[in-house]
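Peer 1: For the sequence shown, my numbering begins at 4 and goes up steadily by one. For glycine and all other residues, C-beta sits at the position ideal for the given N, C-alpha and C. Shown below is the structure under consideration.
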Amino acid sequence: MSNSHSLKIAYWNCRSAIGKKGDIEKLAESLDILFLAETCVSSTQDFRVHGFDCLRIDSNLANVRGIMVLIRNPITYSSIDLSSIVDDSFEALGIALTLNNSHLYLIGAYRHPNESTSATAISSLTSFLNNHIRSILLGDLNAHHPMWSGSRTNSAGRVLGRCIDDYSLVVLNPPSSPTHISFSPPSSSTIDLAIASPHISPFCDTFILPDLLGSDHYPIVVRVNCTISTSLVFSYKIKLSKSQYDVVVHYLCNNAQSISHAIKEIDPDDPITQYNIFMNLVSNSYEHFSPSKPSSSSTTRASFTKKGPPPATWWTPDCSSATKRCSDALKAYPT
Numbered sequence: 004m005s006n007s008h009s010l011k012i013a014y015w016n017c018r019s020a021i022g023k024k025g026d027i028e029k030l031a032e033s034l035d036i037l038f039l040a041e042t043c044v045s046s047t048q049d050f051r052v053h054g055f056d057c058l059r060i061d062s063n064l065a066n067v068r069g070i071m072v073l074i075r076n077p078i079t080y081s082s083i084d085l086s087s088i089v090d091d092s093f094e095a096l097g098i099a100l101t102l103n104n105s106h107l108y109l110i111g112a113y114r115h116p117n118e119s120t121s122a123t124a125i126s127s128l129t130s131f132l133n134n135h136i137r138s139i140l141l142g143d144l145n146a147h148h149p150m151w152s153g154s155r156t157n158s159a160g161r162v163l164g165r166c167i168d169d170y171s172l173v174v175l176n177p178p179s180s181p182t183h184i185s186f187s188p189p190s191s192s193t194i195d196l197a198i199a200s201p202h203i204s205p206f207c208d209t210f211i212l213p214d215l216l217g218s219d220h221y222p223i224v225v226r227v228n229c230t231i232s233t234s235l236v237f238s239y240k241i242k243l244s245k246s247q248y249d250v251v252v253h254y255l256c257n258n259a260q261s262i263s264h265a266i267k268e269i270d271p272d273d274p275i276t277q278y279n280i281f282m283n284l285v286s287n288s289y290e291h292f293s294p295s296k297p298s299s300s301s302t303t304r305a306s307f308t309k310k311g312p313p314p315a316t317w318w319t320p321d322c323s324s325a326t327k328r329c330s331d332a333l334k335a336y337p338t
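Right, here's the structure in full:
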């Protein structure tokens with residue numbers, strides 16, 4: 004998180020997540036929650052971002068474009084069942100975050116522009132915000148209305164505008180800040196919206212990022228001034244000197260065959276036992292360099308950082324060097 008008293012949430016219609024994974028990973032570095040729409044990720048495709056949990060609705064042949072939400076570890080959350088709220092013209096995911104004595108409800112949605120949407124579906128979605136005093140809806144709703152700097156109106160925009168008025172909701176978008184660019188013909192519009200319940204809106208600051216990142220939609224970011232609950236992350240790491248590291252490498256090289264043989268003797272249908280035996284054998288290489296148990300000092304258990312989970316046992320200085328070279332290359336050649 005950017006600091007202990009703010010939460011950064013973003014929504015981006017990325018128009019295919021697989022091909023933009025590098026951009027998504029870079030974007031996520033400064034975020035706590037990231038909703039992605041039109042991901043075009045199928046159920047057979049793996050998509051992960053280091054340091055984040057991922058909830059997905061996958062793309063399929065039934066005109067589902069796909070939507071996902073990335074939640075930074077170790078933010079505590081629960082998913083929200085929205086099946087009774089939205090119809091087939093919407094794709095939506097919801098999560099509830101734990102505050103000190105309440106919850107913050109977040110919904111990311113995508114409305115198909117070429118499918119008819121009932122007024123009931125839009126009303127149900129906005130009614131959820133009305134019924135939960137700390138809630139925010141982010142989405143490419145393909146709804147046009149002057150209320151959010153639109154140059155025209157459509158039926159979805161008119162219904163949404165009435166619901167916003169009826170429930171006293173707040174459009175968080177900064178004025179005159181288009182979120183979508185059309186290249187043929189050249190035009191811009193505001194269809195990616197952030198809408199909040201009146202109770203939480205005073206604690207929100209919203210801005211549009213200036214880079215399309217290869218999409219035709221700009222990411223929209225909402226910073227919420229609040230403290231959320233996180234789980235503790237075990238961040239103990241074995242520290243080895245150069246000479247100790249050389250001893251570990253020497254041990255593993257000399258015992259590689261015996262370790263491999265021990266793993267092969269285990270039932271191949273029991274991968275958990277294989278893994279546990281492997282880790283026990285590897286740990287023999289360094290256990291006499293490390294304390295019998297992790298220190299209980301305040302530095303061994305802490306809230307999370309942007310770096311994600313602690314390094315794995317197999318992480319070496321070569322891995323750190325490769326990661327740094329990759330980071331330097333991204334800075335030197337961002338495109």
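In or out: I275 buried (at least 16 other Cβ within 10 Å) or exposed?
Peer 2: Burial call: exposed.
Peer 1: How far does the beta strand (DSSP E) with R114 in it extend, from its first residue to its last?
Peer 2: Its beta strand (DSSP E) spans residues H106 to R114.
Peer 1: Taking the beta strand (DSSP E) that T123 falls in, what are its first and last residues?
Peer 2: Taken as a continuous stretch (DSSP letters only), T123 belongs to no beta strand (DSSP E), being part of the alpha helix (DSSP H) at A122 to N134.
Peer 1: Per DSSP, what are the beta-bridge partners of A95 in this structure?
Peer 2: DSSP, once it has assigned bridges, lists A112 as partnering A95.
Peer 1: Suppose the cutoff is 8 Å on Cβ atoms and the five residues either side in sequence are ignored; what does the same chain contact list for R68 look like?
Peer 2: Cβ neighbours of R68 beyond the five flanking positions: A40, E41, T42, C43, S62, E94, Y113 and H115.
Peer 1: To the nearest angstrom, how far is it from the Cα of C256 to the Cα of P77?
Peer 2: The straight-line gap from Cα to Cα measures roughly 36 Å.
Peer 1: On a Cα-Cα basis, can you pick out the residue from I223, K242, N287 and Y221 that is closest to H253?
Peer 2: Out of I223, K242, N287 and Y221, N287 has the C-alpha closest to the C-alpha of H253.
Peer 1: Among T230, D84 and Y289, which has the Cα closest to the Cα of K11?
Peer 2: Closest option to K11, Cα to Cα, is T230.
Peer 1: Expressed to the nearest angstrom, what Euclidean distance is found between the alpha-carbon atoms of D321 and H53?
Peer 2: Those two C-alpha atoms are separated by around 19 Å.
Peer 1: Please list the terminal residues of the continuous alpha helix (DSSP H) segment that includes R161.
Peer 2: Run containing R161: S158 to D169, per the alpha helix (DSSP H) assignment.
Peer 1: Rounded to whole angstroms, how far is the Cβ of H220 from the Cβ of T182, which I believe are closer than 8 Å?
Peer 2: Confirmed, about 6 Å.
Peer 1: Between V225 and L141, is the Cβ-Cβ spacing less than 8 Å?
Peer 2: Their beta carbons are under 8 Å apart, which means V225 touches L141 by this criterion.
Peer 1: In whole angstroms, give me the CA-to-CA distance for G111 and N104.
Peer 2: C-alpha separation (whole angstroms): 23 Å.
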